[in-house]
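Q: In the working numbering, the protein residues as written are 731 to 1013.
Quick reminder that beta carbons are idealized off the backbone N, C-alpha and C, glycines included.
So that we are looking at the same thing, I have put the structure below in structure tokens.
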């Protein structure tokens, strides 16, 4: 999950004080810290909700969100604020490491594996994890993946598991042949699309989860946690709560993968680095 660029469509003027109130509300609800320089982004993103609800200005929308007892508009607001950037086999060193670790576990006789993808976005990351696990372990052992995100919009896309040709270009050809099915074209000029194999979908559960609100409902123990390129949007208080939960959920000897631009330096947690952006819980 990243905070993207402003939309070209402009909305009503966002008063600086109202902007700061939105920033504080978004932080309280999601842990996402929006600072100076994000005014145009916030205005253009929230303008979509003003138009959808036919509200006159941002102050009216702020009050609408605060008074929404169902919580549904909070979800809608966070959906438009966050933009998800991801790809298949992004930062491939993690999947090479995972492959080696899985092979060691397999050779040692392990028959059950549990993985959490903490910021699943539109599904490319959990499906990459699933392809890696299926290639190493096959389907005769018990392995499952929990994929979570705060955005219901991207979770819906992930569950559908349908991707354009440009998106699947980073999938190795052998895995693409096995796990991605070319879909019939709507017309001769329509771009090719691919659907993830059902046998992979059956191993993944997609759920909405706010990483800023521990404790989480999972119990573990987990063999791997992928929490990549999301903590850079949190402050240390939110990071600390999230990482403590990761440590709780990991089994001894289990691994945490973070984004290559992220570091746990200075965080007092029971994890040890094993390679850049990969950590293990001591056994």
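Just verifying my parser: in three-state terms, what is the DSSP assignment at residue 735?
A: Low local confidence applies: a pLDDT of 43 at residue 735 is under 50, so the model's placement there is unreliable, and no value is given.
Q: Just how far apart, CA to CA, sit residue 764 and residue 967?
A: Cα to Cα, residue 764 sits roughly 15 Å from residue 967.
Q: Name, in chain order, the residues that DSSP records as bridge partners for residue 750.
A: Per DSSP, none; premise fails for residue 750.
Q: Please list, in chain order, all residues of the same chain as residue 944 whose beta carbon is under 6 Å from its beta carbon, the five residues on each side excluded.
A: Cβ within range, chain order: 971, 975.
Q: Residue 867: which of 1002, 843, 912, 848 sits nearest, CA to CA?
A: Selected option, being the one with the closest Cα: 843.
Q: What would DSSP say about residue 778, mapped onto helix, strand or coil?
A: Residue state, collapsed to three classes: helix.
Q: Take the Cβ of residue 872 as the centre, count every other Cβ of all protein chains shown within 10 Å, and call the residue buried at 16 or more, exposed below.
A: Residue 872 is exposed by the Cβ-count criterion.
Q: Return the residue from the list 888, 754, 801 that minimises the CA-CA distance to residue 934.
A: Measuring from the Cα of residue 934, the nearest candidate turns out to be 888.
Q: Is the beta carbon of residue 957 less than 8 Å from the beta carbon of residue 930?
A: Not a contact, by the Cβ cut-off of 8 Å.
Q: Once the 5 residues before and after residue 846 are set aside, which same chain residues still bring their CB inside 6 Å of it?
A: Within the same chain, residue 846 has close Cβ partners 876, 952, 955.
Q: How would you label residue 801, buried or exposed, when you count the other beta carbons within 10 angstroms and need 16 or more for buried?
A: Per the 10 Å Cβ criterion, exposed.
Q: When the Cα atoms are used, what is the spatial distance from residue 924 to residue 850?
A: C-alpha separation (whole angstroms): 19 Å.
Q: Would you mind reading off the limits of the alpha helix (DSSP H) that contains residue 977?
A: Taken as a continuous stretch (DSSP letters only), the alpha helix (DSSP H) holding residue 977 covers 966-979.
Q: Would the region 828-844 and the region 788-796 be scored as touching if the rule is three or more Cβ pairs under 8 Å?
A: Output reads no: the region 788-796 does not touch the region 828-844.
Q: By the DSSP assignment, the alpha helix (DSSP H) with residue 840 in it spans what residues?
A: Segment: none, residue 840 is in no alpha helix (DSSP H) and carries neither H nor E.
Q: Say yes only if the C-beta of residue 797 is nearer than 7 Å to one or more non-hydrogen atoms of the ligand COA, and no if none qualify.
A: What this structure holds is no ligand at all, so the ligand COA is not there to describe.
Q: Over what stretch of residues does the beta strand (DSSP E) that includes residue 934 continue unbroken?
A: Looking at the DSSP string, the run of the beta strand (DSSP E) that includes residue 934 is 934-938.
Q: Once you ignore the five residues that flank residue 751 on each side, which residues in its own chain have a CB closer than 8 Å to its CB?
A: Contacts found: 792.
Q: With DSSP run on the structure shown, which of helix, strand or coil describes residue 920?
A: Three-state DSSP puts residue 920 in coil, outside helix and strand.
Q: Within 10 angstroms of the Cβ of residue 996, are there 16 or more other Cβ atoms? Answer buried if so, exposed if not.
A: That one is exposed.
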